[in-house]
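*Asks:* For the record, the sequence lines run as chains A and B.
Residues 0 to 224 (numbering that gives the first Met the number 0) make up the first sequence, in order.
Residues 0 to 367 (numbering that gives the first Met the number 0) make up the second sequence, in order.
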Amino acid sequence: MIALESIGIRQGCFELSDISFAVEAGSHAVLMGRTGSGKTSLLETICGLRRPTAGKIRLNGVDVTRLPAWARGVAYVPQDRALFGTMTVRDNIGFALQVRRAASAVIRKRVLDLAAFMGIEKLLDRSPNDLSGGEAGRVALARALAPEPDVLLLDEPLAGLDEETADQMIELIESLRSRSSTTILHVTHRRAEAKRLANRIFVLDAGRLRELRSSEIARTPPEAP
Amino acid sequence: MNAFFQRPLRWILRTADTGFLAVLAVVGSTYILLILGLLLADLQFLFPDVAPALKQHGLSAPLRITWDSLWPEAISKAVSSPEIRYSIKLSLITCTVSTILSLVVGIPLGYLLARTSFVGKTLVDAVLDIPIVLPPLVLGLSLLILFQTQLGKWFDGFARHWGGDATFFATIAALLLIGTWLALRLRSMFQRDQWLAGFICSAAILVVVFAAKTATAHRAEFYRLYAGGITFQIPSIVLAQFTVSCAFAARTMRITFEQINPRTESVAMTLGCTRAGAFWRVGLPQARRGIITAASIAWARALGEFGPILVFAGATRMRTEVLPTTVFLELSIGNIEAAVAVSMIMVVAALIVLLIMRAVGIRGNRVV
Numbered sequence: 000m001i002a003l004e005s006i007g008i009r010q011g012c013f014e015l016s017d018i019s020f021a022v023e024a025g026s027h028a029v030l031m032g033r034t035g036s037g038k039t040s041l042l043e044t045i046c047g048l049r050r051p052t053a054g055k056i057r058l059n060g061v062d063v064t065r066l067p068a069w070a071r072g073v074a075y076v077p078q079d080r081a082l083f084g085t086m087t088v089r090d091n092i093g094f095a096l097q098v099r100r101a102a103s104a105v106i107r108k109r110v111l112d113l114a115a116f117m118g119i120e121k122l123l124d125r126s127p128n129d130l131s132g133g134e135a136g137r138v139a140l141a142r143a144l145a146p147e148p149d150v151l152l153l154d155e156p157l158a159g160l161d162e163e164t165a166d167q168m169i170e171l172i173e174s175l176r177s178r179s180s181t182t183i184l185h186v187t188h189r190r191a192e193a194k195r196l197a198n199r200i201f202v203l204d205a206g207r208l209r210e211l212r213s214s215e216i217a218r219t220p221p222e223a224p
Numbered sequence: 000m001n002a003f004f005q006r007p008l009r010w011i012l013r014t015a016d017t018g019f020l021a022v023l024a025v026v027g028s029t030y031i032l033l034i035l036g037l038l039l040a041d042l043q044f045l046f047p048d049v050a051p052a053l054k055q056h057g058l059s060a061p062l063r064i065t066w067d068s069l070w071p072e073a074i075s076k077a078v079s080s081p082e083i084r085y086s087i088k089l090s091l092i093t094c095t096v097s098t099i100l101s102l103v104v105g106i107p108l109g110y111l112l113a114r115t116s117f118v119g120k121t122l123v124d125a126v127l128d129i130p131i132v133l134p135p136l137v138l139g140l141s142l143l144i145l146f147q148t149q150l151g152k153w154f155d156g157f158a159r160h161w162g163g164d165a166t167f168f169a170t171i172a173a174l175l176l177i178g179t180w181l182a183l184r185l186r187s188m189f190q191r192d193q194w195l196a197g198f199i200c201s202a203a204i205l206v207v208v209f210a211a212k213t214a215t216a217h218r219a220e221f222y223r224l225y226a227g228g229i230t231f232q233i234p235s236i237v238l239a240q241f242t243v244s245c246a247f248a249a250r251t252m253r254i255t256f257e258q259i260n261p262r263t264e265s266v267a268m269t270l271g272c273t274r275a276g277a278f279w280r281v282g283l284p285q286a287r288r289g290i291i292t293a294a295s296i297a298w299a300r301a302l303g304e305f306g307p308i309l310v311f312a313g314a315t316r317m318r319t320e321v322l323p324t325t326v327f328l329e330l331s332i333g334n335i336e337a338a339v340a341v342s343m344i345m346v347v348a349a350l351i352v353l354l355i356m357r358a359v360g361i362r363g364n365r366v367v
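#1: Would you call the CB atoms of alanine 299 of chain B and valine 346 of chain B closer than 7 Å?
#2: So is arginine 288 of chain B in contact with chain A if we call contact Cβ pairs under 7 Å?
#3: Out of B:Trp161, B:His56, B:Leu136 and B:Pro107, which one is the CA nearest neighbour of threonine 251 of chain B?
#4: Does threonine 166 of chain B come within less than 7 Å of chain A when only Cβ atoms are used?
#5: So, is arginine 223 of chain B buried or exposed, given that buried needs 16 or more other C-beta atoms within 10 angstroms?
#6: Shortest alpha-carbon distance to isoleucine 177 of chain B belongs to which of B:Leu195, B:Ala158, B:Cys200 and B:Thr166?
#7: Could you have a look at histidine 56 of chain B and say whether DSSP puts it in helix, strand or coil?
#8: Can you tell me which of A:Asp129, A:Asp166 and A:Leu171 puts its alpha carbon nearest to the alpha carbon of alanine 141 of chain A?
#9: Establish whether the CB of valine 366 of chain B and some CB of chain A are separated by less than 7 Å.
#10: Please look up how many angstroms separate the CB atoms of valine 98 of chain A and glycine 276 of chain B, rounded, as I've assumed it's under 8 Å.
#11: Grab me the residues of alanine 214 of chain B's own chain with a C-beta within less than 6 Å of its C-beta, minus the 5 sequence neighbours each way, in chain order.
#12: Would you call the CB atoms of tyrosine 225 of chain B and glycine 163 of chain B closer than 7 Å?
#13: Return the chain-ordered ranges of every alpha helix (DSSP H) run that is complete within the segment 91-175 of chain B and spans a minimum of 4 residues.
#14: Using a Cβ-Cβ cut-off of 8 Å (strictly less than) and excluding sequence neighbours within five positions of valine 341 of chain B, which residues of its own chain qualify?
#15: State buried or exposed for tryptophan 69 of chain A, treating a residue as buried only when at least 16 other CB atoms are found within 10 Å of its CB.
#16: Using 8 Å as the threshold, is the segment 194-212 of chain B in touch with the segment 256-266 of chain B, meaning 3 or more CB pairs across them?
#17: Can you name, in chain order, every residue of its own chain whose Cβ lies under 7 Å from the Cβ of alanine 2 of chain A, other than the five neighbours on each side?
#18: Give the straight-line distance between the Cα atoms of valine 367 of chain B and glycine 227 of chain B, rounded to the nearest whole angstrom.
#19: So, using beta-carbon positions, are phenylalanine 247 of chain B and tyrosine 110 of chain B closer together than 7 Å?
#20: Closer than 7 Å by C-beta to valine 96 of chain B: which residues in its own chain qualify, once you throw out the five before and the five after it? Chain order, please.
#21: Strictly below 9 Å CB to CB, what residues from chain B border cysteine 12 of chain A?
#22: In terms of residue numbering, what span does the alpha helix (DSSP H) encompassing glycine 197 of chain B cover?
#23: May I ask you to report which of helix, strand or coil DSSP gives glutamine 240 of chain B?
#24: In three-state terms, what does DSSP make of arginine 357 of chain B?
#25: On the DSSP bridge assignment, give the partners of glutamate 14 of chain A in chain order.
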């Protein structure tokens, strides 16, 4: 569960103020908004990669505002995927467990499970630099899921994918929801994606956040696809 | 009138672009030819018999001439002279030590400048440029003056008493760290059935153990190094070289880290790494090529450093004589052949560094 209370973010002349919302555990919220409206900055603040100028963040009831990123239990898949190019796909996925010094048998099993779930077993020993957009997206998602996070933040997971690959990705994310109780906050500017996946839709506009009621979703074009 | 000018006009328009490029090529090639000319002139000076042999025998020259007779006496004499041998050894050791120090300091500095913003960052950036633009002799003189101040004299005294111990234990600690790291890697390599890599790793561990044993056996040497203080002694060579090459190393590492996607380290932090962990596991491995380039630049710069060493370390034969100093001293007594021979040794070293850089390091501006 994610709760933001009066969060303020400032970077140079860009500013967000009094951002508040609450997303229940296990639900899937979508954040939409124009390019440059601060969606990625908000995600980074929730992750702990950016410090808010005001307000509090609660994850599963715990106040994490002062906690560094590695103590929050939030997984993040950025828009450019940011895969670790010097390691194999296998090591990318197993990274979080390696950092926690899990037994190598445990790591191997989890990596194989996740790879089977994502359909990327054949890619395990490849270098991330050789992957296509869709493959990289799946590896990034697997890497984020390895430590079984409470909260998953996705920044434009379907960016740059053709329709078929994008559909496969949407199906993966749907089956992910049925498998675990991870709370997902998902940034996109495609309405179709939002409508299909989201329980709740928020829009970031001119530094303010508001929620879209279901009747508004069809009419409001926050961003043309 | 129009029809009369059309043919030549069209010709000019067609060749104008080619002409423009040709002019650029001519201007640029004068410099390339100058550098090549310098190298060829040196070679010609050392191997005076090659050119006439080629002229006489043409393309069959390689079969006709006996290679032994061509090898210039100058190089053999140079390599067998004890002063020059000492100079080569000292250059190799001091350059390697100052390169390692430059990396140890330059990598953190480059990382901080690339990833963080802090009060005075612009100042630090400007200060890093100073050793690069300052005339080398001025740098050497400043070092000399620094060691005449109270602080400098204190440091000199400190080095005389504790320098030997400090360097000895630092070397042993570094070797232990490297050995431990290698041992851990060895364990994970064998877990993954990487037998060849494990074999190489074992060999590396043996080398480290051997180095530690040699260092311990030669502990007295460490003390003798610092017995005379710093100024005009061997440690001053390393200090002078470090002062210049660290600036280059830090600059290169800054460019390296600026080109590495900082998001990879951010993601590593969300996956459970502290900042240090993210730097060590994700940032540094991506900087591999940059590190090799920084090391190559630092090493080459340290090898060629002459001004600061002349002023700060002096030019004492068999004591503070490095290769550039040898060239200077040989020239000053009129022994041009020996000077050119030693220069060629440095040219070969520079070419090797160049090869390494081009093979493994940064290409143009791309780092990763």
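No residue lacks a Cβ here, since even glycine has one placed at the ideal position from N, Cα and C.
*Replies:* Taking the structure as given:
#1: No, the pair does not count as a contact, with Cβ atoms beyond the cut-off.
#2: no
#3: Nearest option by C-alpha distance: B:Pro107.
#4: Answer no: the Cβ-Cβ gap between threonine 166 of chain B and chain A never drops below 7 Å.
#5: Burial call: exposed.
#6: B:Cys200
#7: Reduced to three states, the DSSP call for histidine 56 of chain B is helix.
#8: A:Leu171
#9: With a pLDDT of 46 at valine 366 of chain B, under the threshold of 50, the modelled position of this residue cannot be trusted, and the question is left open.
#10: 6 Å
#11: The residues are Thr170.
#12: yes
#13: Correct list: 120-132, 135-145 and 149-157.
#14: So the list reads Ala77, Ile83, Ser86, Leu322, Thr325, Val326 and Glu329, once near-sequence residues are dropped.
#15: buried
#16: no
#17: Taken in chain order, the residues that qualify are Ala21 and Arg57.
#18: With a pLDDT of 43 at valine 367 of chain B, under the threshold of 50, the modelled position of this residue cannot be trusted, and the question is left open.
#19: no
#20: Val237
#21: Result: empty, since nearest Cβ-Cβ is about 16 Å, beyond 9 Å.
#22: 194-216
#23: helix
#24: helix
#25: A:Arg9
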